[in-house]
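Enquirer: Take the sequence shown: its letter number 7 is residue 7 in the working numbering, and every next letter is one higher. Think of the CB as a built atom: it goes at the ideal place given N, C-alpha and C, for glycine as much as any other residue. A single structure is presented below for examination.
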Amino acid sequence: MVDYILEIEHLTKEFPGVRALDDVSLKVKRGEIHSLCGENGAGKSTLMSVISGVYPKGNYTGKVFYQGHETNYHSVKDSEKEGLAIIHQELALSPYLSIYENIFLGHMNTRFGIINWDIYIKESKKYLNQVGLNADPATIVSKLGVGKQQLVEIARALSKQVELLILDEPTSSLNDDESAKLLDLIVEFKKQGITSVMISHKLNEVLKIADTVTVLRDGKSISTFDVKAEHLTEDRIIKDMVGRDLTHRFPDRTTVPGDSIMEVKNWDVYHPDYHSIKVVDNASFYLKKGEILGFCGPMGAGRTELMMSIFGHSYGSRSTGTLLLNGKSVTLPNAKSALNAGLCYISEDRKNFGLVLIQSIKTNISSSSLRELSRLGIVKADRETREAEKYVRDLRIKTPSIEQLARNLSGGNQQKVVVGRALLVDPEILIVDEPTRGIDVGAKAEIYDILNDLVKKGKSIIMVTSELPEALGMADRIYVMNKGKIKGMLTREEATQEKIMHIALVE
Ligand SMILES: Nc1ncnc2c1ncn2[C@@H]1O[C@H](COP(=O)(O)OP(=O)(O)OP(=O)(O)O)[C@@H](O)[C@H]1O
Ligand SMILES: [Mg+2]
């Protein structure tokens with residue numbers, strides 16, 4: 001008899017106006033790696049939230065069995081006690097606490113009301129070792145990049161003696177190298193008997209480590225595959241995800257870039273806290289009109305810092321260097337002046353810089369363009385509505401209405417809202433930082449089409465991306481950064497994954 005650690009029967013979960021899960025049934029074998037795939041808004045995160053008690057019983061219909069008994073969780077704490085841990089899509093650490101405090105927060109032993117921090121610092125080192133994060137446990141979490149924060153979350157799960165680990169898009173903010181390490185880690189956990197359920201849009205990773213794959217579409221469980229026995233392919237998964245064959249992943253482009261429109265010379269950026277440390281060191285590059293320019297490199301290479309500092313000094317304590325727009329030297333002291341000069345930046349960190357979660361889709365989309373949308377300071381409501389509706393349609397944002405609060409959208413759909421807002425600004429130069437993070441394969445193709453249309457109209461795009469296939473498929477030229485420096489540039493014809501990696505790593 002097969003031993004199932006988790007069984008879900010006829011689960012239905014509704015939100016106002018949305019049936020997020022519609023009669024879902026699913027079984028997870030003990031000790032396996034089970035992957036959950038599906039388009040943005042398919043219901044993956046909601047399903048995991050039901051399992052882990054984020055939505056208490058009574059909030060859904062159907063049954064969840066964990067370790068053979070029907071669950072009755074009132075909160076995540078209840079499921080944690082039984083060895084279930086969930087790593088959410090949006091990181092959930094306390095940014096102003098240290099690594100070790102984050103690891104042990106909420107499950108520390110106190111003796112006589114006193115917490116022995118030394119023990120926890122030592123213990124946390126053990127877990128940090130296990131996840132391969134070489135950092136001082138006393139480091140404040142907000143000082144870590146997203147990828148490292150992810151590892152802290154996993155260390156936290158380990159510290160709770162996890163038996164079923166749920167990972168919601170764990171590698172979406174990691175680069176190839178870090179992703180590979182994390183996947184190895186999940187396989188290592190499997191050897192130790194830990195069962196994992198991994199949600200991912202990266203189908204190559206899914207096929208690499210998963211034993212079983214379940215596809216959700218529109219809240220329904222569509223299919224379950226045994227990866228090895230059925231020689232599962234990416235295309236087969238995609239077919240069930242989108243309900244049709246997807247013909248092209250990267251659209252063809254026939255346009256040829258024009259003259260240089262922006263030039264950056266000898267650009268230095270200094271760390272926001274440690275003012276003598278350079279996070280970007282003497283970077284020089286140029287962007288042509290109608291070009292898509294890729295920026296690749298490992299995490300922490302300085303790509304985001306470079307772009308944010310160009311965009312009105314939005315990063316760092318100080319940045320120096322020359323910025324030329326159409327051959328004229330300009331200074332852009334803040335984000336507003338950068339917007340006025342025709343630049344727009346889409347942050348990789350949508351939660352902190354991109355979206356106002358407690359506002360509606362409509363307000364989020366229009367907020368950067370208020371000046372455009374208003375006359376004499378009054379926002380023209382009908383135009384705002386029209387524009388928001390247009391982007392919800394074009395980007396296929398899954399929502400009952402444009403009045404929906406951003407926080408109620410699925411992760412990928414939140415990202416689409418951020419993209420929609422930048423498009424409405426209609427900038428001459430659009431800087432997109434990890435634009436398709438957490439976005440499903442179908443919607444990715446839509447975003448690529450939109451970027452292609454923009455360059456066709458003569459707009460220029462800088463695309464910071466950790467996904468090399470995306471850079472290779474979309475960029476006319478690719479700059480490779482590492483350790484704050486631009487290490488080299490490749491044209492579309494020259495570029496290969498190996499060459500990019502090689503350039504990044506040469507000293
Ligand atoms: N708190 C909420 N209130 C209202 N609707 C919600 C809420 N949470 C999720 N939804 C809706 O339920 C549906 C499923 O969302 P869910 O987050 O589970 O999708 P997902 O498969 O995880 O997508 P993604 O790949 O984009 O993360 C979406 O239409 C979403 O907008
Ligand atoms: Mg999700």
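Cutting at 7 Å between CB atoms, please list the residues of its own chain near residue 170, excluding the five before and the five after it.
Expert: These residues qualify, in order along the chain: 87, 150, 182, 198.
Enquirer: Residue ranges of each beta strand (DSSP E) run of no fewer than 3 residues wholly in the region 61–88, ordered along the chain?
Expert: Those beta strand (DSSP E) runs which fall completely within the region 61–88 and span 3+ residues are 61–66, 84–87.
Enquirer: Can you tell which of 159, 275, 409 has its C-alpha closest to the C-alpha of residue 320?
Expert: Closest by alpha carbon: 275.
Enquirer: Are residue 421 and residue 365 closer than 7 Å when you measure CB to CB?
Expert: Closer than 7 Å, so yes.
Enquirer: Label residue 469 either buried or exposed according to how many other C-beta atoms from any shown protein chain fall within 10 Å of its C-beta, with 16 as the threshold for buried.
Expert: Under this definition residue 469 is an exposed residue.
Enquirer: Are the CB atoms of residue 157 and residue 85 within a distance shorter than 7 Å?
Expert: Yes, these two residues count as a Cβ contact at 7 Å.
Enquirer: Return the bridge partner residues of residue 250 from the DSSP annotation.
Expert: None; residue 250 has no bridge partner.
Enquirer: Going by beta-carbon coordinates alone, are residue 216 and residue 41 separated by less than 7 Å?
Expert: Not in contact: residue 216 and residue 41 (Cβ atoms no closer than 7 Å).
Enquirer: Residues in the same chain with beta-carbon distance under 7 Å from residue 303, minus the five sequence neighbours each way, listed in chain order, please.
Expert: Counting only Cβ-Cβ distances below 7 Å, and skipping sequence neighbours, we find 295, 297, 464, 481.
Enquirer: Smallest Cα separation from residue 510: which of 24, 16, 474?
Expert: Look at the range of the chain in this structure, 1 to 507, and you will see that residue 510 is not part of it.
Enquirer: DSSP three-state label for residue 10, please.
Expert: Three-state result, residue 10: strand.
Enquirer: Below 8 Å CB to CB, which residues in the same chain sit around residue 333 once its five sequence neighbours on both sides are set aside?
Expert: These residues qualify, in order along the chain: 312, 313.
Enquirer: What residue range is occupied by the uninterrupted alpha helix (DSSP H) comprising residue 388?
Expert: Run containing residue 388: 381–394, per the alpha helix (DSSP H) assignment.
Enquirer: Mind listing, in chain order, the residues whose beta carbon lies closer than 5 Å to a non-hydrogen atom of ligand 1?
Expert: Result: 15, 18, 20, 40, 41, 42, 43, 44, 45, 46, 398, 408, 409, 410, 411, 412.
Enquirer: Relative to the C-alpha of residue 77, which candidate in 49, 100, 505, 61 has its C-alpha closest?
Expert: Selected option, being the one with the closest Cα: 49.
Enquirer: What does a CB cutoff of less than 8 Å around residue 504 pick up in its chain, not counting 5 residues either side in sequence?
Expert: Only 296, 297, 298, 301, 480, 481, 482, 487 meet the Cβ criterion.
Enquirer: Using a threshold of 6 Å, is the CB atom of residue 149 nearer than that to any non-hydrogen atom of ligand 3?
Expert: This structure lacks ligand 3; its bound ligands are ligand 1 and ligand 2.
Enquirer: Determine the burial state of residue 96: buried for a count of at least 16 other Cβ atoms within 10 Å of its Cβ, exposed for fewer.
Expert: Residue 96 comes out exposed.
Enquirer: Residue 201 and residue 445 look like a contact to me (Cβ under 8 Å); what is the Cβ gap, rounded to whole Å?
Expert: 12 Å between Cβ atoms; not a contact.
Enquirer: Alpha carbon to alpha carbon, what distance is there between residue 55 and residue 105?
Expert: Rounded to the nearest angstrom, the two C-alpha atoms are 22 Å apart.
Enquirer: By alpha-carbon positions, which one of 494, 458, 437, 491 ends up nearest to residue 146?
Expert: Of the candidates 494, 458, 437, 491, the one whose C-alpha sits nearest the C-alpha of residue 146 is 437.
Enquirer: DSSP state of residue 304, grouped into three classes?
Expert: Three-state result, residue 304: helix.
Enquirer: Would DSSP call residue 274 helix, strand or coil?
Expert: Residue state, collapsed to three classes: coil.
Enquirer: Quick one: Cα of residue 92 to Cα of residue 327, how far?
Expert: About 44 Å.
Enquirer: Three or more C-beta pairs closer than 8 Å, one from the region 29–39 and one from the region 203–211: is that the case here?
Expert: Verdict: yes, contact present.
Enquirer: Regarding residue 67 and ligand 2, is the C-beta to nearest heavy atom distance less than 6 Å?
Expert: No, since every heavy atom of ligand 2 falls outside the 6 Å radius drawn around the Cβ of residue 67.
Enquirer: Nearest-angstrom Cα distance between residue 356 and residue 148?
Expert: Cα to Cα, the separation comes out at about 24 Å.
Enquirer: Alpha carbon to alpha carbon, how far is residue 433 from residue 345? Give it in angstroms, no decimals.
Expert: If you take the alpha carbons of residue 345 and residue 433, they lie about 8 Å apart.
Enquirer: In whole angstroms, what is the alpha-carbon distance linking residue 398 and residue 391?
Expert: Cα to Cα, the separation comes out at about 11 Å.
Enquirer: Using a Cβ-Cβ cut-off of 8 Å (strictly less than) and excluding sequence neighbours within five positions of residue 141, which residues of its own chain qualify?
Expert: So the list reads 93, 94, 95, 96, 97, 98, 99, 102, 149, 152, once near-sequence residues are dropped.
Enquirer: Could you give the distance in angstroms between the alpha-carbon of residue 64 and the alpha-carbon of residue 12?
Expert: For residue 64 and residue 12, the distance between alpha carbons rounds to 11 Å.
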